[in-house]
Amino acid sequence: MKHFSEQLWADFVRGVGAVKMNRDIEAHIASGCPDCATAVGMWKKVCSIAAHEPSITPPDDAVRMVKLEFATRQSLQPGPWTIARLLFDSLSQPLTAGVRSGASDSRQLMFEAEGTMVDLVLDTRPQSGTICLVGQVVDKGGTRVAPRQVAVILWTETGQPLAETAANEFGEFQLEFAAQERLRLSVEIAGYKHIRIPPLNLNSAGTRSVT
Ligand SMILES: [Zn+2]
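Taking my numbering, the leading residue of the sequence shown gets 17, the next gets one more, and so forth.
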């Protein structure tokens, strides 16, 4: 049997609420009602847990880091995006792989996403420790996407933009960046869904000629 509402108990244990009501509750507990003795014990526990909450709150620094991380993740791809589909990878072609064991160390890739084709040629330059990326963005029919604005952005694993460039009037672009294991690239065409190139493992393309 409930003698006082939850709201009254919550006010009572925190020492707030109407003075008269609190006195009534005290008098009632003093009269030895077992139900209310249990209730007040439970509510006092709740009150003490709530009072200790600051000690189980993460430090401000940690909160800031997490917020920053989320903000970065969000800015990585504002708006709708789609994952591109790999159509061609010269690395998976036995014949080309044979050719590659020679002097050439370039890798050609072709992606498709919602009627847009993204061609990429990756050239590893062991001497400078860089990778040169040349690409072109075209409509599936072969017509050029430009002069619509095309931005090509290279991301780190943690979602930080590493390099950015804009395609020219033929949808062509070029990026040069420090050699790394994984490549995360996105193509943003104004007014279209952003295209994410699935993360590419560059290790196999890059290190072989170095060793
Ligand atoms: Zn009672």
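Glycine included, every Cβ here is placed at the ideal spot set by N, Cα and C. These figures come from a predicted structure and were not determined experimentally.
How about residue i: is its C-beta nearer than 8 angstroms to some C-beta of chain C?
i: Met58; result: You won't find chain C in this structure, because it holds only one protein chain.
I'd like the list of long-range same chain contacts for residue i, defined as Cβ closer than 6 angstroms, with 5 residues on each side in sequence excluded.
i: Asp105; result: Leu125
i: Ile72; result: none
i: Pro96; result: Lys209
i: Arg228; result: The chain is shown from 17 up to 227; residue 228 falls before or after that span and cannot be answered.
i: Thr172; result: Leu178
Along the chain, where does the beta strand (DSSP E) containing residue i start, and where does it finish?
i: Glu188; result: 188-194
i: His210; result: 210-217
i: Phe127; result: 122-129
i: Ser202; result: 198-205
i: Pro142; result: No beta strand (DSSP E) holds Pro142; DSSP gives it neither H nor E.
i: Ile169; result: 166-171
i: Ile72; result: Element bounds for Ile72: n/a, residue is neither H nor E.
i: Thr181; result: 177-182
i: Thr98; result: 97-99
Which whole-angstrom value is the C-beta distance of residue i and residue j, which I expect to be below 8 angstroms?
i: Ile65; j: Val56; result: Between Val56 and Ile65 the Cβ distance is about 15 angstroms, and since that is not below 8 angstroms, they are no contact.
i: Thr132; j: Val150; result: About 17 angstroms; that fails the 8 angstroms criterion.
i: Pro177; j: Leu199; result: No, Pro177 and Leu199 are not in contact; Cβ-Cβ is about 13 angstroms, not under 8 angstroms.
i: Phe193; j: Ala182; result: That belief does not hold up - the Cβ atoms of Phe193 and Ala182 are roughly 16 angstroms apart, past 8 angstroms.
i: Leu138; j: Ile147; result: 6 angstroms
i: His19; j: Cys52; result: 5 angstroms
Among the residues of its own chain, which have a CB less than 8 angstroms from the CB of residue i, if the five just before and after it don't count?
i: Lys36; result: none
i: Trp59; result: Trp25, Ala26, Phe28, Val29
i: Val166; result: Val153, Ala182, Ala183, Gly187, Phe189, Val203, Glu204, Ile205, Ala206
i: Thr54; result: none
i: Gly145; result: Ala194, Ala195
For the alpha helix (DSSP H) that residue i lies in, which residues bound it at each end?
i: Gly151; result: Premise fails: Gly151 lies in the beta strand (DSSP E), 146-155, not in any alpha helix (DSSP H).
So, at 7 angstroms on beta carbons, what are the nonlocal neighbours of residue i in its own chain, with the 5 sequence-adjacent residues on each side left out?
i: Val134; result: Ala100, Phe127, Gly151, Val153, Val203, Ile211, Ile213
Original post:
What alpha helix (DSSP H) runs, 4 residues minimum, are completely inside the region 22-48?
Top reply: Fully enclosed alpha helix (DSSP H) runs of 4 or longer: 22-29, 35-46.
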